[in-house]
Each structure stands twice: as C-alpha cells, then as structure tokens.
Amino acid sequence: MKDDNNRRTADRRSFLAAAGATGVAGIAGCLGEDNGNGGGNGGNGGNGGGNGAAGGEEGTIRMHTSTEGTSAYAMSQGIAAVVNEHSDDVYVEGLTSAGSEANVGLLGSQESEMGYIDDTLERAIRAEEEPFDQLDYDPVQVFFFYDISTFWVTADEAYQSVMDIDEDTSISPNVAGSTNRTTLQLALEEIGISEDDYTLDNINQADQASAFNEGRLDVGILQLVGPNLAGWGQEIVSTVDAQLLDYPDDAAQTLEESDIVVDWFDRDEDISDGLINTPEEVLGIAAPYIHITRGDMDYDTISEFLWTMYDHRDELGQYHDLLELFEDDDYWVDTAFPEMPFHPAAADFFQEIGVWNDDWEVYEQ
Numbered sequence: 001m002k003d004d005n006n007r008r009t010a011d012r013r014s015f016l017a018a019a020g021a022t023g024v025a026g027i028a029g030c031l032g033e034d035n036g037n038g039g040g041n042g043g044n045g046g047n048g049g050g051n052g053a054a055g056g057e058e059g060t061i062r063m064h065t066s067t068e069g070t071s072a073y074a075m076s077q078g079i080a081a082v083v084n085e086h087s088d089d090v091y092v093e094g095l096t097s098a099g100s101e102a103n104v105g106l107l108g109s110q111e112s113e114m115g116y117i118d119d120t121l122e123r124a125i126r127a128e129e130e131p132f133d134q135l136d137y138d139p140v141q142v143f144f145f146y147d148i149s150t151f152w153v154t155a156d157e158a159y160q161s162v163m164d165i166d167e168d169t170s171i172s173p174n175v176a177g178s179t180n181r182t183t184l185q186l187a188l189e190e191i192g193i194s195e196d197d198y199t200l201d202n203i204n205q206a207d208q209a210s211a212f213n214e215g216r217l218d219v220g221i222l223q224l225v226g227p228n229l230a231g232w233g234q235e236i237v238s239t240v241d242a243q244l245l246d247y248p249d250d251a252a253q254t255l256e257e258s259d260i261v262v263d264w265f266d267r268d269e270d271i272s273d274g275l276i277n278t279p280e281e282v283l284g285i286a287a288p289y290i291h292i293t294r295g296d297m298d299y300d301t302i303s304e305f306l307w308t309m310y311d312h313r314d315e316l317g318q319y320h321d322l323l324e325l326f327e328d329d330d331y332w333v334d335t336a337f338p339e340m341p342f343h344p345a346a347a348d349f350f351q352e353i354g355v356w357n358d359d360w361e362v363y364e365q
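Counting from 1, one number per residue, gives the positions in the sequence shown under UniProt numbering.
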C-alpha cells in the first residue's frame, strides 16, 4: 500500500496552525505540566493512561497508544500480556492516551516509556514546530506498529462528496489530541475546506455509531488499521446506512500532488461490502505509525522488551489479528522514518534478526 519513495518529508504549512486552538492547548499542557492524570482525558475516550506505574520504575514500560476501544489500545494490551508472561526483567503496561500528540508529552513528563506517533507528527518534531521546539528529550524509533488509512463516512444521504461539507456540517475527524485529526484537517484545507467551513466535533471513534444513530454527527471517519476494518468501523457499517464521501477528480488530484499521503482502495475488497452509495474505488488518507521512546531509555529494558516480544511473536495473534503481522521479520521495520534515529537497543535487535538498513541512524547514548 505504501511507496516510501513518494513520502513527502515536509509539510507546506505549520503543524500548529493546522492543529487548531483546542488541539494545541492540549499538546502544550502535556509538554509543560505534570498534572498526574496522564495528559488529558482523550476527549470521550480513555483517561490518559494516568494509572500506570508511577515514576517509571526500572524495567517498566508504560506503552501509550490511543483511546479505549481502538485497535491500537487492544494491541498494546496483547503485547503487554505476552511480554509479561515470558519476562522476569521487564513489565509492560498497555495504557490509553488522548492520542499521538499526547504521547509525545507523556514521554517528556516521564509518565510514559513508549508511545506511538505518525509521520505527520514526526515531521513536526523534526521541524521543531511549536510546541515541539520545547522537548527536553530526544525522541528515537523503536519499531513499526501499523498503517492507518482513513475515509470520511456518513449516515446521511445528503452527503455524497467531501465538497458537500459546509458550515452546518458536524464532523469529527478523530479525537482531539490525535495527529490523525490534524492530518485529516490538513487534507480538507488542501482542497479548499477550512475549519471555518464546518462545525468541528470531538467524538471518540467507538462512539460514532451511536452518534450517527442519534443524529449528533453528520460526518465521521472509517479506518483500515493495517488491512482490516477497525472493529468500531464494522459497528458503524452494521448499524447505520453508511457511505463513504467521494473526492471529485480535481480534489483527488490536488491531494495526490500534496504533502498528504494518499492511496486508492477497492470499496468491497479492501474496506466493506456493506457500504451503500459509495464508488467502487475510494481515496484514503494514509499514515504509518511507529513506537518511539526517549533516547536515554535504558538499553537493557528496550532490548529485553523486543526480544521477548519477538521470541513469542507466535502468541501475539491470540490477542489481536493485527499482531499476527509481527510473525514476519520485515514487518517490524515495514516503515521507518529516515530522519529519526533508532534507539541503540532497537538497532542491535534489527541487525540481529537481519532487517537492519545501514542507511538508518543509531542514536548515541
């Protein structure tokens, strides 16, 4: 699905401007304050993961992903279960958070040892855009997690195209604090739809089906996590007359020529045959997610975590279908961010299993 040669390495506009006032305030709070609650309540889902082991005891990895009800959170729970069963030297907690932007702050406030981010956020960190110009640690890569492809979905037949979105349209492009939300708003801006042109809502993915049924939401999102339709997306398709919004040819071309990473998907084969009034081919906004940690994170802890997970990778699929992908050695580095160094323990691990690329950088502790 991805073509790394087509990945852009810089945004056209400031990440801060795209994030909007609510999102930016949330990031700034995470980066600047240690309020003990894990960096926010995640908008309608998750509690910020603030109930983890305090202070990050030696050998503990608090892994933050996204809100409750998401594939990311379920996968982190599965990884934690397998590692904790087989290791006496590292203890993993799979915890909720408000999303990838919050994860960066949680790492900085020592409330997390590992969290996932996507390529949009990685570029913002690398460009030292506010508030990421104030980080007091060096983010480093650990391993690839998954790809997410996002589509606009509605249960209202009045909406056929993204160009039907107007100021009376209530849309929720993922929860506040999620970089995916920022990327989706960037995509709309790219085709001439600014935040002033719609009513921005903040509804957790898992709550979208009920929001559609109750008439509280006009346009939400449907996502492929890896090759699979997310469970909450399956609920939407099975409980409402769901249809995906189309992109006119000129809008699709604009996105394909922009910094936004997009791909085309077959409606029935790739997404769901339960969708109505949807073109056979639809455009999705694509994003790879990786787990990062602090550059000074203990070498032995990261090494033990990776090797335990790897040695027992055949058990991961018991907890989530997507975790079966880790049985393929190449999947662990399916996408790497070339400008971000790897934690030295991760680099040694990937060299040992034969998937290291000498063009990648290793962080010097």
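Positions of the beta carbon are idealized from the N, C-alpha and C atoms, including for glycine.
DSSP places H343 outside both helix and strand once states are collapsed to three, so it counts as coil. Below 8 Å, enough C-beta pairs join the segment 165-178 and the segment 90-101 to call them touching: three or more. Contact between V142 and L121 is absent: CB atoms are separated by about 15 Å, not below the 8 Å threshold. For E281, the uninterrupted beta strand (DSSP E) run begins and ends at E281 to R294, by DSSP. Of the residues T182, L107, I191 and Q134, the one whose Cα lies closest to the Cα of E256 is I191. Going by DSSP, Q223 is part of the beta strand (DSSP E) stretching over V219 to V225. In this structure, DSSP gives D89 a state outside helix and strand, which the three-state scheme calls coil. Counting along the chain, the unbroken alpha helix (DSSP H) around W307 starts and ends at Y299 to D311. Restricting attention to alpha helix (DSSP H) runs no shorter than 4 residues, the segment 96-134 encloses them at 100-108 and 119-126, ordered along the chain. With 16 or more neighbouring CB atoms inside 10 Å of its own CB, N204 falls in the buried class.
Burial check for S161: the Cβ neighbour count within 10 Å stays below 16, so the residue is exposed. Of the candidates A287, T308 and D311, the residue whose Cα lies closest to the Cα of A336 is A287. Of G220, S66, Y116 and S109, the smallest CA-CA separation from T154 is found for G220. Ranking P139, A124, W356 and F151 by CA distance to the CA of L188 puts F151 first. Under the DSSP assignment, Q141 falls in the beta strand (DSSP E) whose first and last residues are P139 to T154. Within the DSSP bridge table, the entry for L200 names I171 as partners.
At a Cβ-Cβ threshold of 8 Å, L224 and D270 count as neighbours.
D298 and A252 have their alpha carbons spaced roughly 45 Å apart. Each residue's CA atom was taken as its position, placing L186 and F132 some 18 Å apart. When secondary structure is reduced to three states using DSSP, L245 falls in the coil class, being assigned neither helix nor strand.
The shortest CA-to-CA distance from L217 to any of V262, G108, Y159 and D263 is the one to Y159. Boundaries of the beta strand (DSSP E) around T60: T60 to H64. Contact between L283 and A242 is ruled out by a C-beta separation of about 17 Å, above the 8 Å threshold. Beta-bridge pairing by DSSP links L229 to L224. With contacts defined by Cβ atoms closer than 8 Å, I148 and Y198 do not form a contacting pair. Taking the C-beta atoms as reference points, L325 is found nearer than 8 Å to Y331. Within 10 angstroms of the beta-carbon of G354 lie fewer than 16 other beta-carbons, which makes it exposed. Straight-line measurement puts the Cα of I285 at about 12 Å from the Cα of S258.
The Cβ atoms of N202 and S172 lie closer than 8 Å to each other.
When DSSP states are grouped into helix, strand and coil, V362 belongs to the strand group.
Closest in C-alpha terms to S170, from the list D138, L135, E130 and A211, comes A211. Secondary structure note for F212: its alpha helix (DSSP H) is the uninterrupted segment Q208 to N213.
Rounded to whole angstroms, the gap between the alpha carbons of F305 and E361 is 21 Å.
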